[in-house]
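This report refers to the structure that appears directly beneath it.
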Amino acid sequence: MNPSTIRRKVAEEIARIPDESIAKLYDLVHSFRLQPPPADNADRIMSLAGSWEDMAEEDYASFLAEVEERKHQAGNGRRLREAGLD
């Protein structure tokens, strides 16, 4: 869909919003305009470089163990969803 078609459809949907919800919608729409443009992924990733440099060895090991556990849990959840068992 082209941008003008999307704008028209958005305007049509807005016209159907109940009066009691219009203020919340305004806040949401306004927040999109205030957000800075998304950064390049490389910039976001590189902004984390060195974040763990000052971490104690024991804390770093614990952090890595937690990351591995979360990866394992996420993988198990994905396999269950794909198998339809969730």
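For the sequence shown, the numbering used here assigns the number 667 to the initial residue and increments by one for each residue that follows. C-beta atoms are modelled at their ideal positions from N, C-alpha and C, and glycine is treated no differently.
In chain order, what residues of the same chain have a beta carbon less than 8 Å from the beta carbon of Arg-674, not counting five sequence neighbours either side? none
For the segment 683–752, list the alpha helix (DSSP H) runs that are entirely contained and at least 4 residues long, ordered along the chain. 688–700, 707–712 and 723–749
Cα-Cα separation between Ser-717 and Glu-723, rounded to whole angstroms: One alpha carbon belongs to Ser-717, the other to Glu-723, and they sit about 14 Å apart.
For Ala-715 and Ser-697, I'd like the C-alpha separation in whole angstroms. 29 Å
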